[in-house]
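To convert, note that position 343 of the sequence shown is 679 in this note's numbering; the numbers rise steadily by one, no gaps. C-beta: ideal position from N, C-alpha, C; glycine also.
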Amino acid sequence: MEPISARDREIVRGRAQLQLDYANAPQNDVILKKWRAQAEGRRACPPIRLLYSNFCHEVITPRLQCEGDQARQIESSLLATLVGRELFDDDTPIAPTFDMEWHTHVQPFGITGAITRASGPNAQGIHIDPVITDLAGEIDKLRGGSFGVDRAATESRRAFIEDIFGDILPVRMVMNSLWGSITGPLVYLMGMEAYYIAMYDCPEAVHEAMEMETRLYEQYYDFLEEEKLLLPTNDLTPLHQESFAFTDELPGDAVTRTTECWGFLESQESTAVSADTFGEFVFPYQQRLVDRFGLLSYGCCERVDAIWPDYLSTWSNLRKLSVSPFNDEPLIGEYLRGTRVVYYSKPRAEFVTCDGPMNDDAINTYFKGVCEAASGCLFEIAQREVGTIFGDFERGRHYVRLAREAVDAYWRP
């Protein structure tokens with residue numbers, strides 16, 4: 337790694353000290369109690385967060401002070417940890433450590449896709465440029481796939497960071513929830529329309545492709561076990577979909593099997609097919625992966641209400657369900673009320689992203705409906721899919737305050 341200048345070293349050490357200060361502040365203890373109540377299945381005050389992943393260019397990039405590339409990467413990580421608390425005063429918990437993961441990878445197919453990204457400062461759209469146009473005729477292109485770990489790169493980065501500020505923030509190795517997306521990788525190779533048509537035109541090829549992916553993930557999980565790369569997914573460790581792995585049902589110390597860890601699955605690409613079609617082409621493969629997890633977090637932006645009764649409800653280890661605005665939210669509330677499954681609300685984003693002043697009354701009315709739908713459920717709010725807050729940090733703070741006020745007024749445990 338490139339050496340870090342004395343100036344950049346002092347900057348990142350200052351950022352590390354700020355993180356430690358937030359971790360040791362009394363407010364962090366208040367926030368951790370919310371998450372640990374959820375972990376224990378107690379319906380206490382739900383955590384509320386405004387997630388910045390789609391507008392890093394507004395909350396991280398402009399605030400970077402370091403000059404060297406390596407230093408800027410580390411500074412970005414430190415700033416990212418603090419965005420929710422420092423800028424929005426939300427319920428993001430802060431660890432007194434600098435967290436790192438093993439440099440592992442898993443690639444389901446032997447071919448990669450191509451996408452074209454929309455232009456513009458706040459553009460989020462993409463266009464898939466198909467590399468597979470005839471799934472049945474080109475199935476052999478999919479064979480292969482890979483997985484592995486770069487231990488040397490991991491250890492080198494760890495030593496590099498420890499040398500800079502390990503006396504302030506010790507490096508902690510953590511693991512995100514196990515990943516097993518099987519519809520997304522296929523759609524990124526052939527496009528959504530072709531994927532849907534293939535279920536009708538060449539169902540055997542679709543099943544063959546799904547089997548390839550599922551088997552590779554199973555081999556990847558075996559690899560993690562055999563190489564002793566598994567780490568506890570508990571307490572203040574990351575969970576896919578930008579949440580945290582707090583639970584009282586999984587080990588908090590050493591783990592040796594994937595069945596002792598959180599997993600994450602989703603299938604937003606199949607959201608427009610019928611429940612029966614989901615049951616035929618997606619569910620059997622997901623079931624095999626679910627069997628490898630200790631606990632499961634499910635869903636991204638897709639509808640889950642239609643597939644809950646016959647499919648998702650059968651997973652006894654499901655503990656967190658993404659509830660996007662495309663769902664019948666009161667119906668999901670009925671499904672989850674009184675259970676150990678967290679109603680993980682992903683509210684509509686346009687109230688904060690629309691240009692001009694925010695409409696407080698409209699936001700309150702909307703959150704009233706969300707809170708009433710989730711009453712009686714373990715509840716968590718994560719405002720995702722935000723493309724811009726127009727660089728106005730107070731806009732984010734105000735939005736979080738409105739969400740808290742609505743929870744206080746309308747949500748009932």
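Across the set L356, R372, V366 and V523, the C-alpha of R372 shows the shortest separation from the C-alpha of L714.
The segment 453-466 makes no contact with the segment 556-569: fewer than 3 CB pairs, one atom from each, lie closer than 8 Å. The straight-line gap separating the alpha-carbon atoms of A545 and V722 is approximately 33 Å. In the DSSP assignment, H393 falls within the alpha helix (DSSP H) that extends over C392 to V395. Judged by DSSP in its simplified three-state form, A472 adopts coil rather than helix or strand. When rounded, the separation of the alpha-carbon atoms in S610 and T428 is 37 Å.
Around the C-beta of V348, 16 or more other C-beta atoms lie within 10 Å, and the residue is accordingly described as buried.
With a minimum length of 4 residues, the unbroken runs of alpha helix (DSSP H) contained wholly in the segment 584-638 fall at 611-617 and 619-626. For a cut-off of 8 Å, the C-beta gap from S412 to L400 is around 7 Å, short enough to register as a contact. In the DSSP annotation of this structure, the continuous segment of the beta strand (DSSP E) that includes K656 starts and ends at L654 to V659.
In this structure, S513 keeps its C-beta atom at 7 Å or more from the C-beta atom of L572. Distance from the Cα of Y556 is smallest, within the candidate group E498, A590, C538 and P444, for P444.
The alpha-carbon of F617 is positioned some 19 Å away from that of R628. I717 counts as buried, since no fewer than 16 other beta carbons sit within 10 angstroms of its beta carbon. By the neighbour-count definition (other C-beta atoms within 10 Å, threshold 16), Y536 is an exposed residue. Distance between G420 and Q355, taken at the CA atoms: about 12 Å.
Counting along the chain, D435 sits inside the beta strand (DSSP E) bounded by residues F434 to M436.
Listed in chain order, the non-local C-beta contacts of S660 below 6 Å within the same chain comprise C637 and K682, local neighbours out to five positions each way being set aside. The beta carbon of S606 sits closer than 8 Å to the beta carbons of T519, T613, F614, F617, V618 and E638 from its chain, once the five residues preceding and following it are set aside; these are given in chain order.
C-alpha of A745 to C-alpha of V706: approximately 12 Å in a straight line.
In the three-state reduction of the DSSP assignment, P574 falls in the strand class, which pools E and B.
Under DSSP, Y679 takes part in a beta bridge, and its partners are L657 and F715. Contact between V485 and E549 fails: their C-beta atoms lie close to 20 Å from each other, not under 8 Å.
Shown here, G420 sits in a helix according to DSSP, grouped into three states. Per DSSP, H543 is not a residue of any beta strand (DSSP E); the alpha helix (DSSP H) it occupies stretches across P539 to E562.
No Cβ-Cβ contact shorter than 7 Å links Y671 with L654. In this structure, G630 places its C-beta atom within 7 Å of the C-beta atom of T595. In the structure shown, the three-state DSSP call for I643 is coil. Burial of S603 is indicated by the presence of at least 16 other C-beta atoms within 10 angstroms of its C-beta. When DSSP states are grouped into helix, strand and coil, W515 belongs to the strand group. In this structure I447 is in contact with L478, their Cβ atoms being roughly 6 Å apart against a cut-off of 8 Å. In the three-state reduction of the DSSP assignment, G350 falls in the helix class. C-alpha of T433 to C-alpha of V640: approximately 36 Å in a straight line.
Each of A530, S492, G456 and A495 was checked against the Cα of T469, and the nearest Cα belongs to A530. Under the 10 Å beta carbon count, A698 is surrounded by fewer than 16 other beta carbons and is classified as exposed.
In this structure, Y679 lies away from S658, with their beta-carbon atoms at least 7 Å apart.
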